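Structure first, commentary second.
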Amino acid sequence: MEHFPIVLALLRASVRDKSAAVIQHAERLREALHKVGAEDEALAIAQVLSSAKQSNSGTLVPSRVVKSRAISSGEVITANTQPPVDKETSTPLAEIFLGNRLSELAPPILSDRLERAVHHLMGQWIGADELQAAGLKLPRTALFFGAPGTGKTRLALWAAEKLGIPVVLARLDGLTSSYLGTTARNIRALFDFANRYKCLLLLDEFDGIAKLRDDPQELGEVKRVVNAVLQAIDARAPLGLTIAITNHEGLLDPAVWRRFDARIEVGMPDAAARLKIVERYTEGFPVKPGAIKVLAWLSEGYSGSEIETMCDFIKRHMTLFAEEKPSVIEAVQLFIDLSATSHSSPARESLAREDFHWISQVLSYQDIKIVQADIAEAIDATQSKVSRLLKSTERV
Ligand SMILES: Nc1ncnc2c1ncn2[C@@H]1O[C@H](COP(=O)(O)OP(=O)(O)O)[C@@H](O)[C@H]1O
Ligand SMILES: [Mg+2]
């Protein structure tokens, strides 16, 4: 069908409001396409509709928004509230995210263990009033650490939205100055601001201001900056919530490390999480369940952000070459060739080769059960073709 990608894009944009009329007309279109045998298009529409029904709100915690007094007190930030600035350069020291900028964010998809830990922490924050009434201490400072692109920043922004508080995101470029005295002063100004308002203070790329104190390169003055951070975190403790994030936990001063009530390692997604991430980022496109499994196998060692990049590539390829109906595997083979800088893996290396040896590797993958029918969906072929290809690779 000509211009189908545009129809699909229109549909994806309009089902967000979940209007009954839009959904009804989309169902009509799906049936009509099914009747004329346009199965791929019908499937694509069914997928858009089913994802609209599930809605991407995520499963980490119930969807109620809490506005707890115990979790953060102070004045309310409005659209007119100006962030603090560096006295000399007027560079903002922070960026403010109000609820409306946060509400679009779906939570990152995490492995089960990690999700349990996050769920528990959120439970304590949501129940903050109760805990405080019972005279119990709240965990008010959390450190998220782990490889880049694993969803740490997303997780913090999403948590603030669920708690119903705006985010004050520290800006490293504004805070740090080649004059270390200025850096310490800016840190105090940032915390003064955060303590005045009801908010979540988010210290992203935290290692930038809390490096090891005995770094031989920059002794002396650096200690003053780290001490300013430590004092500021301690003084903030009874007032509000603070989340610090780092990709380089090894760079953190041990004294800083101990300051945090909760420390959560956000690791690379496991196979089950990768399946869900691929599902989310191929949503609304004719990518069949078997192909999703093969993509989850292939993306071992990728972060959530890298999986998103891979899926975006596949979607662009499928849109641009819609006429030729490229298979998912064809698209992803191109992606591997075009993203040679990203770390390799045996799976990706075997797929990049011209032969079909990767098929036997997929079939013996332990973490996800993948069968010949799944591979058939990934390469857009019949199952008997897959079985023939497999035999031919066994012969050589
Ligand atoms: N676990 C995940 N689940 C879903 N999407 C993810 C995940 N991790 C990363 N992403 C995607 O990558 C983007 C960048 O992730 P980000 O939160 O900035 O990672 P980090 O802060 O760990 O470097 C996110 O906005 C999201 O679109
Ligand atoms: Mg980040």
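Start counting at 1 in the sequence shown, then tack on 161, and there's your number in the numbering used here. C-beta: ideal position from N, C-alpha, C; glycine also. None of the values given here were measured: they were computed from a predicted structure.
Helix, strand or coil at residue i according to DSSP, with G and I counted as helix
| i | result |
| --- | --- |
| Ala-423 | strand |
| Pro-253 | strand |
| Phe-258 | strand |
| Glu-200 | helix |
| Val-448 | coil |
| Glu-163 | coil |
| Glu-236 | strand |
| Val-523 | helix |
| Leu-551 | helix |
| Val-532 | coil |
| Ser-488 | coil |
| Arg-509 | helix |
| Arg-349 | helix |
| Leu-499 | helix |
| Ile-468 | helix |
| Ser-218 | With a pLDDT of only 43 at Ser-218, under 50, the local geometry of the prediction cannot be trusted, and the value read off the model is given with reservation. If DSSP states are grouped into helix, strand and coil, Ser-218 belongs with coil. |
| Phe-517 | coil |
| Ile-206 | helix |
| Ala-294 | helix |
| Ala-182 | helix |
| Pro-223 | Because Pro-223 carries a pLDDT of 44, less than 50, the predicted location of this residue cannot be relied on, and the following value inherits that uncertainty. Residue state, collapsed to three classes: coil. |
Bridge-paired residues (DSSP) for residue i
| i | result |
| --- | --- |
| Val-439 | None; Val-439 has no bridge partner. |
| Leu-481 | In the DSSP output, where bridge partners are listed per residue, Leu-481 has none listed. |
| Ile-406 | Phe-305 |
| Val-328 | Phe-258 and Leu-361 |
| Lys-372 | Leu-413 |
| Val-176 | DSSP, once it has assigned bridges, lists no residue as partnering Val-176. |
| Val-246 | Pro-253 |
Integer Cβ distance of residue i from residue j, believed to fall under 8 Å
| i | j | result |
| --- | --- | --- |
| Thr-403 | Ile-394 | 6 Å |
| Ala-205 | Phe-446 | 6 Å |
| Ala-174 | Arg-191 | Ala-174 to Arg-191, Cβ: 17 Å. No contact. |
| Leu-304 | Arg-424 | 5 Å |
| Phe-258 | Pro-327 | 6 Å |
| Ile-475 | Ala-492 | 4 Å |
| Ala-513 | Ile-497 | 5 Å |
| Leu-297 | Ala-331 | Not really, about 29 Å apart at Cβ, beyond 8 Å. |
| Gln-522 | Ser-511 | 6 Å |
Candidates the options, of which the one nearest residue i by Cα
| i | options | result |
| --- | --- | --- |
| Gln-494 | Arg-315, Glu-485 and Ile-540 | Ile-540 |
| Ala-170 | Val-279, Leu-210 and Ser-545 | Leu-210 |
| Arg-274 | Val-237, Asp-431 and Ser-460 | Asp-431 |
| Ile-520 | Asn-356, Lys-476, Leu-436 and Leu-459 | Leu-459 |
| Asn-261 | Leu-512, Ser-525 and Gly-325 | Gly-325 |
| Glu-256 | Ala-182, Ala-371, Glu-236 and Gly-335 | Gly-335 |
| Val-427 | Lys-359, Val-417 and His-409 | His-409 |
| Lys-265 | Glu-202, Pro-399, Ala-240 and Lys-323 | The sequence given here has Glu at residue 265, not Lys. Closest option to Glu-265, Cα to Cα, is Lys-323. |
| Ala-267 | Glu-249, Pro-487 and Leu-318 | Leu-318 |
| Ala-345 | Leu-333, Leu-361, Ile-490 and Val-386 | Val-386 |
| Ile-370 | Arg-357, Gln-293, Ser-338 and Gly-401 | Ser-338 |
| Asp-290 | Leu-499, Leu-550, Ser-233 and Val-547 | Ser-233 |
>> With three or more beta-carbon pairs closer than 8 Å as the criterion, would you say the segment 452 to 459 touches the segment 532 to 547?
In response: yes
> Counting pairs of beta carbons, one from the segment 426 to 446 and one from the segment 280 to 293, are three or more of them closer than 8 Å?
Replying inline: no
>> Does the segment 337 to 352 come into contact with the segment 308 to 318, if we say contact requires no fewer than three beta-carbon pairs (one atom in each stretch) closer than 8 Å?
In response: no
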